[in-house]
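In the numbering used here, the protein residues as written are 76 to 211. Just so you know, even glycine gets a beta-carbon here, dropped at the ideal spot from N, CA and C. Please read these numbers as outputs of a predicted model, since none were measured by experiment. Quick notes on the structure that follows.
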């Protein structure tokens with residue numbers, strides 16, 4: 076049965092941008108195989124589930140194909156089955172609901188001064204305090 080290092084697989088299927096990032100994630104305990112923390116040098120087999128904590132998301136994949144070399148995104152998607160629950164992928168969407176639009180400043184006005192920044196923060200504080208009262 077073919078086996079491959081977990082850090083190499085995570086990099087080759089484009090979960091992480093570099094093998095170093097994948098390796099560091101394993102060292103930091105953010106990667107688990109079948110619910111057990113693994114080292115970067117641990118071997119991965121077909122059918123195992125891989126849990127990854129990345130950018131505030133808890134991602135989960137089932138290994139379908141083992142590859143050693145980095146491939147394009149369309150080919151990488153064929154190497155795993157995404158088991159991540161939809162509510163996990165949408166958890167930040169709920170946080171943004173009801174928030175204001177992006178802030179705009181007049182063209183040519185430059186960066187806000189320290190005084191401007193304090194006024195903006197005070198203004199935002201008032202709005203958010205009102206929203207908290209409204210939510211209760």
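According to DSSP, simplified to helix, strand and coil, what is residue 155?
strand
Pairwise C-alpha distance: residue 142 and residue 178
45 Å
Rounding to the nearest angstrom, what Cα-Cα distance links residue 195 and residue 147 in this structure?
44 Å
Have a look at residue 168 and residue 81 and give me their C-alpha separation to the nearest angstrom.
30 Å
Quick one: is residue 77 buried, meaning 16 or more other Cβ sit within 10 Å of its Cβ, or exposed?
Exposed.
Identify, in the order they occur along the chain, each residue of the same chain with its Cβ nearer than 6 Å to the Cβ of residue 205, setting aside the five sequence neighbours on each side.
Because residue 205 sits at a pLDDT of 49, beneath the cut-off of 50, its placement in the model cannot be relied upon, and the following sentence gives the value as read from the coordinates. Excluding positions up to five away in sequence, the list is empty.
Find the nearest neighbour of residue 137 within the set 152, 185, 113, 130, judged by alpha-carbon distance.
Nearest in C-alpha terms to residue 137, of all of 152, 185, 113, 130, is 152.
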